[in-house]
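Residues 2 to 384 (the working numbering) make up the sequence shown, in order.
By construction, the Cβ of each residue, glycine as well, lies at the ideal position given by its N, Cα and C atoms.
Take a look at the structure set out below.
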Amino acid sequence: LPIQGPPGTGKTHTGAEMICTLVTQGARVGITANSHKVIRNLLDKVVQVADKREIDLRAVAKVADREADTKRIEFTEENANVFVALEGSCRVAAGTAWMWARPDAARAVDVLFVDEAAQMSLANVLAVSQAGASLVLLGDPQQLDQPTKGSHPDGTDGSALSHILGGHQTIEKHRGLFLEQTWRLHPDICRFTSETFYEGRLKPIEGLENQRVVAKGPLHGSGLRFVPVRHSGNKNSAPEEAERIEALVVALLNGSPSWIDRHGEEKPLTLDNVLIIAPYNAQVFAIRDRLPHAHVGTVDKFQGQEAPVVIYSMATSTPEEAPRGMEFLYSLNRLNVATSRAQCLCAIVASPDLFEPECRTPRQIQLANAHCRFRELAEPVNI
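Quick look at the structure:
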């Protein structure tokens, strides 16, 4: 059962609810993903849901480094201990693909959940599938792809979910589930995200239209903003953009700014409520030099997170100067993740020349179109 969860749709919560329901029905459930961090995130959510629903649930997790057991989770460094625990009181087991692909893991669980299945190769998913009678794939191929190391033959970079989508942006109704309601994105942001990355199927829940920033600076209200900064000769770092972002943030936080959530509740807006994202580490360092206490990082760092205000600095002066070419700087997956962290406001700070590329292939046109569409929908901001 493939389940595609776009930004803010509660993919992890949905998976946790399903796992808890399966446990109440007597099933043994496995959890796997590419990293211990992702596995632990889903396992912690399962525990939260079990506590809330007052479900008698015990879990066992294979970890790299031993840690103290908790009320609901037993930790072990040995694969064999996981399968022994499953024969006892534990109904949920968690571990990486290395554990689930072992011969002694065959049919160890009734249902195996693969979290972030868009980041796990089809080959690895096939290898772990022997562990369960049924397989649930949670993820979103429209967000970050699987990380790759080294050189591999063509096709090996394909994820399980990408394979099932078969070139479509969203999963077809007869092939799996599409979580179509976002609990995060203001309708003006969701409009861009939905039409650009999800074939118009993603919708905001009622109340998200209330979300907005109340501030005196140029960044206020809700929706998309474009901040043009002219510069030349910059490849992966733009001091001019870092300077402009500092000015934007200082102006935003001047006075007593606040933001309104979807329930209409007003909350103070602080530096912790702002995410600043860049495609390159060099630009991250340039921005941190000016805003050392801000949340600044690359796109990869912030997947899964959200904030009232997001600022995306593109850093490169022209398409020709992009260090890794258009495929990286204009990546649709990265644009999707960067802009969809925002609850109220999303601003792109960039050289205007990036929106006038000389495209040489249909793929380059597709990449440029998404960025140009953002600029079309965005309100210009000059500071």
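Burial is judged here by how many other beta carbons sit within 10 angstroms of a residue's own beta carbon; His175 has fewer than 16 and is exposed.
Between the segment 319 to 328 and the segment 169 to 189 there are fewer than three inter-stretch CB-CB distances shorter than 8 Å, so the stretches are not counted as touching. Under the three-state reduction of DSSP, Pro258 is assigned to coil, being neither helix nor strand.
DSSP, read as helix, strand or coil, puts Pro293 in coil. The Cβ atoms of Val47 and Val83 lie no closer than 8 Å to each other. CA-CA distance, His164 to Ile32, rounds to 21 Å. A Cβ-Cβ contact shorter than 8 Å links Asp116 with Gly16. When the Cα atoms are used, Leu220 and Leu270 turn out to be separated by approximately 12 Å. In the three-state reduction of the DSSP assignment, Gln304 falls in the coil class, being assigned neither a helical nor a strand state.
Ala279: member of the beta strand (DSSP E) spanning 275 to 279, first to last residue. In the DSSP assignment, Val129 falls within the unbroken alpha helix (DSSP H) covering 123 to 129.
One Cα belongs to Ala106, the other to Phe198, and the distance between them is close to 37 Å. The count of Cβ pairs closer than 8 Å, one atom from the segment 207 to 227 and one from the segment 250 to 265, reaches three, so the stretches are in contact.
In the three-state reduction of the DSSP assignment, Gln365 falls in the helix class, which pools H, G and I. Within the same chain, and ignoring the five residues on either side of Gly222 in sequence, the residues whose Cβ sits closer than 6 Å to its Cβ are Arg213. For the pair of segments examined, the segment 342 to 351 was found to touch the segment 238 to 251: the number of CB pairs separated by less than 8 Å reaches three.
DSSP, reduced to helix, strand and coil, places Ser36 outside both helices and strands of the structure shown, so it counts as coil. When the alpha-carbon of Arg67 is set against those of Asp45, Glu55, Asn80, the nearest one is in Asn80.
Apart from the 5 residues on each side of it in sequence, Ala34 sits with its Cβ closer than 6 Å to the Cβ of Ile40, Asp116, Glu117 in its chain, given in chain order.
A Cβ-Cβ distance of about 4 Å is found for the pair Leu368 and Tyr331, placing them in contact under the 8 Å criterion. Classified as buried, Lys63 has 16 or more neighbouring CB atoms from the shown chains inside 10 Å of its CB. Excluding sequence positions up to five before and after Ser341, its CB lies within less than 6 Å of the CB of Pro8, Thr194, all in the same chain and listed in chain order. Contact between the segment 123 to 143 and the segment 85 to 92 is absent: fewer than three C-beta pairs spanning the two stretches fall below 8 Å. Taking 8 Å as the upper bound for CB-CB distance, Pro293 and Ala316 are not in contact here, some 19 Å apart. In the three-state scheme derived from DSSP, where H, G and I count as helix and E and B as strand, Ala316 is classed as coil.
For the pair Asn383 and Arg226, the Cα-to-Cα distance works out to about 10 Å.
Distance from the Cα of His187 is smallest, within the candidate group Ser160, Ile261, Val112, Pro358, for Ile261. DSSP, reduced to helix, strand and coil, places Ser163 within a helical segment of the structure shown. Taking a contact as a CB-CB distance under 8 Å, the pair Ala132 and Trp99 does not count as one, their CB atoms being some 12 Å apart. Here the alpha carbon of Pro353 sits roughly 7 Å from the alpha carbon of Arg231. Cβ-Cβ separation between Asn235 and Ser314: approximately 11 Å, too far for a contact (criterion under 8 Å).
Pairing Gln49 with Asn334 gives a Cβ-Cβ distance that is not under 8 Å.
Rounded to whole angstroms, the separation of the alpha carbons of Gln284 and Leu87 is 48 Å. Membership of Glu75 in the beta strand (DSSP E) is indicated by the continuous run 74 to 77. Taking a contact as a CB-CB distance under 8 Å, the pair Leu139 and Lys268 does not count as one, their CB atoms being some 30 Å apart. Assignment of beta strand (DSSP E) within the segment 38 to 104, counting only whole runs of 3 or more residues, yields 60 to 63, 74 to 77, 93 to 95 in chain order.
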